[in-house]
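The structure appears right after this line, and notes come after that.
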Amino acid sequence: MTIDKYTQRLEKIEAALARVLPPLADSNWLTAVAGESLLDVRPEAFNDITAPSWALLNRGGKRWRSLVMVLGYELAGGEAEGIFELTTLVELPHTGSLIIDDIEDKAVERRGGPAIHLQFGIDKAINAGNFLYFEPTYLIEQSRLDDSVKLRLLVCYLRVMRRLHFGQGLDIQWHNDHDFIPSRSEYLRMCRYKTGALSRLAAEIAFAAAGRSDLEADSFGRLWEDIG
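Numbering (this note's numbering) for the sequence shown: 14 to 241.
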């Protein structure tokens, strides 16, 4: 892949983020996410909910998990244009997990700026981080994919999010107990769930959306779980 093609994919990933989680709320987006009209509330009232997320997203990030999904989708025979919005299913929960992780770790800095909970307050940061775990799932509901594929994506997404929290929980437990040393297998499991879960999700969504079998998606996902 040439650097130009790499850059083009990254630009489309960034554009998808802005469409799926617009920096400034509008009625169409609110209706899509909430599943009903929210005309009784001014759209700008919701900007305060997404502002913490964009404060972190605007500081950059490698977006490599999103690229795994795009390239995996192409590898599985899909046309790249059909997958870019679904990349937010890994990029947004990853961002949310960073916001929550910094609260749990009492971090003061993230990506060259203040931790989001220090910039916006713990209450807004928790709400923003948790919102990002759920926000992009409306794309699955509204996609033109077959219902069977939608179900596969939702099952995959929810399973990985549960694993992510298992991994984070183990990490919290161990770094608070300095007398406990996890076994090698325990530590590797924590790493797979805490840091490998979302890269596995990217790979599995790529293959599932392209119509590949559960076995193929699982195999590709396991590969990227180990890499992640």
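Where a beta carbon is used, it is the ideal one built from N, C-alpha and C, also for glycine.
Going by alpha carbons, who is nearest to residue i out of the options?
i: D227; options: A89, E94, Q155, F144; result: A89
i: G125; options: L177, C169, F144, A68; result: A68
i: D61; options: L52, M174, N140, T100; result: N140
i: R55; options: R213, H130, N41, I16; result: N41
i: G134; options: G48, Q21, A64; result: A64
i: P36; options: G48, A47, R22, F59; result: F59
Which residues in the same chain have their Cβ closer than 6 Å to the Cβ of residue i, if we skip the five residues on either side of it in sequence?
i: G142; result: G109, I112, I113
i: I153; result: K163, L166, L167
Tell me the residue span of the alpha helix (DSSP H) that contains residue i.
i: K119; result: Element bounds for K119: n/a, residue is neither H nor E.
i: S66; result: 60–70
i: V83; result: 77–88
i: I240; result: 227–240
i: G217; result: A small correction: the amino acid at residue 217 is Glu; Gly does not occupy that position in the sequence shown. Unbroken alpha helix (DSSP H) run through E217: 210–222.
i: H188; result: 160–189
Between residue i and the rest of its own chain, which residues show a CB-CB distance below 7 Å, the 5 nearest in sequence each way excluded?
i: F179; result: Y206
i: Y170; result: L102, T150, L214
Beta-carbon within less than 8 Å of residue i's beta-carbon, same chain only, minus the 5 sequence neighbours each way: which residues are those?
i: E117; result: Q181, I185
i: T208; result: G180, G241
Find out if the Cβ-Cβ distance for the pair residue i, residue j is shorter than 8 Å.
i: L131; j: L70; result: no
i: I98; j: R32; result: Note on residue identity: the sequence assigns Glu, not Ile, to residue 98. Going by C-beta atoms, E98 is nearer than 8 Å to R32.
i: S66; j: I26; result: no
i: G85; j: A210; result: no
i: V121; j: T100; result: no
i: V81; j: S232; result: no
With a threshold of 8 Å, are at least 3 pairs of Cβ atoms found where one atom belongs to the region 211–226 and the other to the region 189–197? no
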